[in-house]
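Residue numbers for the sequence shown follow the UniProt record's numbering, beginning at 4 and rising by one.
To start, the structure under review is shown below, and the notes come after it.
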Amino acid sequence: FSVENTRNFSIIAHVDHGKSTLADRLLELTGAIDKTKNNKQVLDKLQVERERGITVKAQTASLFYNCEGKQYLLNLIDTPGHVDFSYEVSRSLSACQGVLLVVDANEGIQAQTVANFFLAFEAQLSVIPVINKIDLKNADPERVEKQIEKVFDIPRNECIKISAKLGTNVERVLQAVIERIPPPKVHRKNSLKALVFDSTFDQYRGVIANVALFDGMVSKGDKIVSAHTKKTYEVNEVGVLNPNEQPTHKLYAGQVGYLIAGMKDVTEAQIGDTLYLHKQPVEPLPGFKSAKPMVFAGMYPIDQSEYNNLKSAVEKLTINDSSVTVHRDSSLALGAGWRLGFLGLLHMEVFNQRLEQEYNASVILTTPTVPYKAVLSSAKLIKARRAVQKNMMYIDQNRVMLKYLFPLNEIVVDFYDSLKSLSSGYASFDYEDAGYQTAELVKMDILLNGNIVEELVTIVHKDKAHSVGKVICERLKDSLPRQLFEIAIQAAIGSKIIARETVKAYRKNVLAKCYGGDITRKMKLLKRQAEGKKKLRKIGNIEVPKDAFIKVLRTQ
Ligand code: GTP
Numbered sequence: 004f005s006v007e008n009t010r011n012f013s014i015i016a017h018v019d020h021g022k023s024t025l026a027d028r029l030l031e032l033t034g035a036i037d038k039t040k041n042n043k044q045v046l047d048k049l050q051v052e053r054e055r056g057i058t059v060k061a062q063t064a065s066l067f068y069n070c071e072g073k074q075y076l077l078n079l080i081d082t083p084g085h086v087d088f089s090y091e092v093s094r095s096l097s098a099c100q101g102v103l104l105v106v107d108a109n110e111g112i113q114a115q116t117v118a119n120f121f122l123a124f125e126a127q128l129s130v131i132p133v134i135n136k137i138d139l140k141n142a143d144p145e146r147v148e149k150q151i152e153k154v155f156d157i158p159r160n161e162c163i164k165i166s167a168k169l170g171t172n173v174e175r176v177l178q179a180v181i182e183r184i185p186p187p188k189v190h191r192k193n194s195l196k197a198l199v200f201d202s203t204f205d206q207y208r209g210v211i212a213n214v215a216l217f218d219g220m221v222s223k224g225d226k227i228v229s230a231h232t233k234k235t236y237e238v239n240e241v242g243v244l245n246p247n248e249q250p251t252h253k254l255y256a257g258q259v260g261y262l263i264a265g266m267k268d269v270t271e272a273q274i275g276d277t278l279y280l281h282k283q284p285v286e287p288l289p290g291f292k293s294a295k296p297m298v299f300a301g302m303y304p305i306d307q308s309e310y311n312n313l314k315s316a317v318e319k320l321t322i323n324d325s326s327v328t329v330h331r332d333s334s335l336a337l338g339a340g341w342r343l344g345f346l347g348l349l350h351m352e353v354f355n356q357r358l359e360q361e362y363n364a365s366v367i368l369t370t371p372t373v374p375y376k377a378v379l380s381s382a383k384l385i386k387a388r389r390a391v392q393k394n395m396m397y398i399d400q401n402r403v404m405l406k407y408l409f410p411l412n413e414i415v416v417d418f419y420d421s422l423k424s425l426s427s428g429y430a431s432f433d434y435e436d437a438g439y440q441t442a443e444l445v446k447m448d449i450l451l452n453g454n455i456v457e458e459l460v461t462i463v464h465k466d467k468a469h470s471v472g473k474v475i476c477e478r479l480k481d482s483l484p485r486q487l488f489e490i491a492i493q494a495a496i497g498s499k500i501i502a503r504e505t506v507k508a509y510r511k512n513v514l515a516k517c518y519g520g521d522i523t524r525k526m527k528l529l530k531r532q533a534e535g536k537k538k539l540r541k542i543g544n545i546e547v548p549k550d551a552f553i554k555v556l557r558t559q
């Protein structure tokens, strides 16, 4: 394929506006998949994606399309739709020259339509607006055309109105890709310059790098060097994704495909890295700003004997999702584990679900927290900041776009759900980092009979300390077994107690039910009690079972 007949593009959209359905139709039209099969979200390969109906991981497919007697190679690079994954979107866009911006004909422009449009706009890509779901009874494509013109300054006659579900007008989308998106600007005669824009891990073949070739070519047997690590590798396999891996002899500049070169380690498969031929070094491509985690949580194996298995699962999964940050951590109650950083709450849930589904790991995930920067001062006296309105724009008579500055802590956990239910599902939401702001935060201790429980120390906003402290004390009360003496559970800020619960004294007599003199049964019960004690942690003279920590620390 000549470069002139190659197009690299992505589909971007707000969640549920029909990106995956359109991708399925494009795959069918170009013969990449069979029309007769029941094709649903073919590019969504992960179990978690099919279950939740969301795209998590960008996938690539090379399509072959005949238009006016010419054969074209169209590389479709899939992108996730949810706010948590906008990092993956910008990565996918780096390998493209244009995008299809899909907007639901009923819902119109939503938060991620705007966020994704600007990612494409900043990357200077051609934008083809596609209004989808015109078959719906309440569809109002003319209203959406006006919105697109007003918000994005794209003339309304450029919009293509389709039904991805029924296949209406989908062929026109392919024609527009050929007509309106330029071929990649590359040089096949130069020496190899390939961008690693994604990578996955295969148990048997190691790291599979998704590459976009900017210059030159690469074939099996070539010696390549990573600009990042300067390590040399021999290429074992190259190919295109159609959408499954299909080995080819060579990959040429302008193409997007995969490359396997015996990379085994997480650190070897850097996303954003440039690959070049041995002894033919090139200026590396700019790469990507590393993803910035917004939500942190502790992760521990339910059973410590599972630590090594979980460690290897976490390592492999982070090759597939390099936006997760990993630091080793340990807790007196939960043992050795990690502190993981995620892009958002959904990202955290998806990671956890993938560990369980793809690696059969069962883990304890602690309540998520957000990063704080602490400035220590004798008087902790700094002004608190609540949400501040920054900007407001009417998209049309029915819809308004509002910009606010929020403390991250207020939005990570349940803000999105509350917003959805308050607006009966009409409002949509997107966020970006606005930097650190000063706030009145306090360190809250949890005490059992006056002894601090290290693993339950938290940072909370001063105004919320009372309610958060109360919840923790109540959860602890429900999960602490009664002991020989009374236990005071307290939440405190410095020396000030802000919440308290009491567990009454009680002695559990394990032998109570054993009337009669069956000594072996008695021994069994006593032994079981002793085993149970191993899982206890002593705080002062109070025995706290591991379960109690899990109940308090768990998200739900
Ligand atoms: P994410 O992967 O989460 O970003 O979602 P998506 O944008 O890929 O949306 P998806 O293709 O999964 O479609 C969402 C829902 O809209 C599904 O129930 C589709 O069947 C439906 N849908 C997609 N296109 C059309 C269409 O043209 N008409 C109608 N009526 N429904 C459609």
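For every residue, glycine included, the Cβ atom is placed at its ideal position computed from N, Cα and C.
What you are looking at is a predicted structure, and each value in this text was computed from that prediction instead of being measured.
Who are the near neighbours of S202 in its chain, counting only those whose CB is closer than 7 Å to its CB and skipping five residues on each side? These residues qualify, in order along the chain: V210, I211, A212, N213, A272, I274, I322.
Indicate the three-state DSSP secondary structure (helix, strand or coil) for F488 in the structure shown. F488: coil per DSSP, three-state reduction.
So who's on the other strand from V445, going by DSSP bridges? Paired residues: V463.
With a 10 Å radius around its C-beta and 16 neighbouring C-beta atoms as the bar for buried, classify N363 as buried or exposed. The Cβ neighbour count for N363, taken over all protein chains shown within 10 Å, is under 16; the residue is labelled exposed.
Tell me whether H17 is buried or exposed, calling it buried when 16 or more other Cβ atoms sit within 10 Å of its Cβ. H17 comes out buried.
Alpha helix (DSSP H) containing R191: first to last residue? R191 -> no alpha helix (DSSP H), and no H or E assigned at all.
Any contact between the region 218 to 237 and the region 257 to 268? By contact I mean 3 or more CB pairs, one from each, below 8 Å. When C-beta atoms of the region 218 to 237 are compared with those of the region 257 to 268, three or more pairs fall below 8 Å, so the two segments count as touching.
First through last residue of the beta strand (DSSP E) which encompasses S470: That residue, S470, is in no beta strand (DSSP E); its alpha helix (DSSP H) goes 468 to 482.
Label V460 either buried or exposed according to how many other C-beta atoms from any shown protein chain fall within 10 Å of its C-beta, with 16 as the threshold for buried. Here V460 is exposed, its C-beta having fewer than 16 other C-beta atoms within 10 Å.
Beta carbon of I163, beta carbon of A179: below 8 Å? In this structure, the beta-carbon distance from I163 to A179 falls below 8 Å.
For V18, verify whether its CB is less than 7 Å away from any heavy atom of the ligand GTP. Closer than 7 Å to some heavy atom of the ligand GTP: that describes the Cβ of V18.
Where the beta strand (DSSP E) through Q127 begins and ends: First-last for Q127: undefined, no H or E at that position.
Have a look at the DSSP bridge pairing and note the partners of R208. Here R208 is not bridged, per DSSP, to any residue.
Considering only the alpha carbon of each residue, which of Q127, Q150, L122 lies closest to V133? Relative to the Cα of V133, the nearest Cα in the group Q127, Q150, L122 belongs to Q150.
Nonlocal neighbours in the same chain, by C-beta distance under 7 Å from D332, ignoring five residues either side: Sequence-distant Cβ neighbours of D332 in its own chain, meaning closer than 7 Å and more than five residues away, are G301, G340, W341, R342.
Under 7 Å from any heavy atom of the ligand GTP, does the C-beta of N78 make it? Every heavy atom of the ligand GTP is 7 Å or more from the Cβ of N78, so no.
Between which two residues does the alpha helix (DSSP H) carrying residue 1 extend? The structure shown does not extend to residue 1, since the chain spans only 4 to 559, so no value can be given for it.
Straight-line CA distance for G34 to Y68? Put simply, the backbone Cα of G34 is about 8 Å away from that of Y68.
The beta strand (DSSP E) with H350 in it runs from where to where? Careful: H350 lies outside any beta strand (DSSP E), inside the alpha helix (DSSP H) at 348 to 362.
Would you mind stating whether N135 and I165 have Cβ atoms separated by less than 8 Å? Yes, these two residues count as a Cβ contact at 8 Å.
For E148, name the three-state secondary structure that DSSP assigns. In this structure, E148 counts as helix in the three-state DSSP scheme.
Nearest-angstrom Cβ-Cβ length linking A491 and G472, presumed shorter than 8 Å: The pair is not a contact, with the Cβ atoms about 14 Å apart (cut-off 8 Å).
Assuming L368 is part of the alpha helix (DSSP H), what are its boundary residues? Taken as a continuous stretch (DSSP letters only), L368 belongs to no alpha helix (DSSP H), being part of the beta strand (DSSP E) at 366 to 368.
Quick one: Cα of T232 to Cα of E286, how far? Looking at the two C-alpha atoms, the distance is approximately 14 Å.
As a quick exercise: from I462, K446, K319, N245, pick the residue whose alpha carbon is nearest that of F299. When each option's Cα is compared against that of F299, the closest is I462.
Leaving aside the five residues before and after residue 580 along the sequence, list all residues of the same chain whose C-beta is less than 6 Å from its C-beta, in chain order. Here the chain comprises residues numbered 4 to 559, so residue 580 is not present and cannot be evaluated.
Tell me whether the beta-carbon of Q100 lies closer than 8 Å to the beta-carbon of I14. No, the Cβ-Cβ distance between Q100 and I14 is not below 8 Å.
Identify the continuous beta strand (DSSP E) that holds A26 and give its terminal residues. DSSP places A26 in no beta strand (DSSP E) but in the uninterrupted alpha helix (DSSP H) bounded by 22 to 32.
N- and C-terminal bounds of the beta strand (DSSP E) containing C70: That run of the beta strand (DSSP E) goes 63 to 70.
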